[in-house]
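Numbering (this note's numbering), first residue to last: 348 to 519.
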């Protein structure tokens, strides 16, 4: 529906303006329908959970998060990408959330997003711990992933300086 899209775009703008509580409040009325179809509403749900995390409403963010991460690869990938790309949220807080949500993430696209996000944090901070996290995620990548995910895995492998494994990913 048009109003859902309009509110999600406005919530993204509010997050960009560092108004996460306003973003969260704008999206709450759409949660019942979004939770029924998390694949379809992955971006809205990710925006909402991102707003909760930015608002420091951690307990509320944890509520139902594991199930959504397991049920919707799209939601998991979008939320993970948002956490790593958020320059307002400090890198340590982003990393803490990435560690927390990594467990339920099992689908190839979401696992790839997790590795890419660790690499982004490493590139942003030059903290070698984040490079190591990216490697750990790559090492648990499922074998049966799409060619697009394999290409992304190859790029992350190059980013963490494992060129032989990158070549293997590209050749699969």
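Where a beta carbon is used, it is the ideal one built from N, C-alpha and C, also for glycine.
Checking 9 Å against the spacing of the C-beta atoms, do residue 426 and residue 441 come in under that value?
no
Residue 448 burial status per 10 Å Cβ neighbour count (16 or more: buried)
buried
Return the CA-CA distance between residue 464 and residue 349, expressed in angstroms with no decimal places.
30 Å
Check residue 364 in the structure and name its three-state DSSP category.
coil
N- and C-terminal bounds of the alpha helix (DSSP H) containing residue 476:
475-486
Measure the beta-carbon distance from residue 409 to residue 367 and round it to whole angstroms, keeping in mind my assumption that it falls under 8 Å.
Actually they do not touch by this definition, with Cβ atoms about 16 Å apart.
According to DSSP, simplified to helix, strand and coil, what is residue 383?
helix
Under the three-state DSSP convention, the category residue 411 falls into:
coil
Going by the CB atoms, is the gap between residue 488 and residue 547 shorter than 9 Å?
Within the shown structure, residues of the chain are numbered from 348 to 519, placing residue 547 beyond reach of any answer.
For the candidate residues 476, 417, 461, whose alpha-carbon lies nearest to that of residue 439?
476
Range of the contiguous alpha helix (DSSP H) that encloses residue 437
That residue, residue 437, is in no alpha helix (DSSP H); it is neither H nor E in DSSP.
For residue 445, count neighbouring Cβ atoms within 10 angstroms of its own Cβ and tell me buried if that reaches 16, exposed if not.
buried
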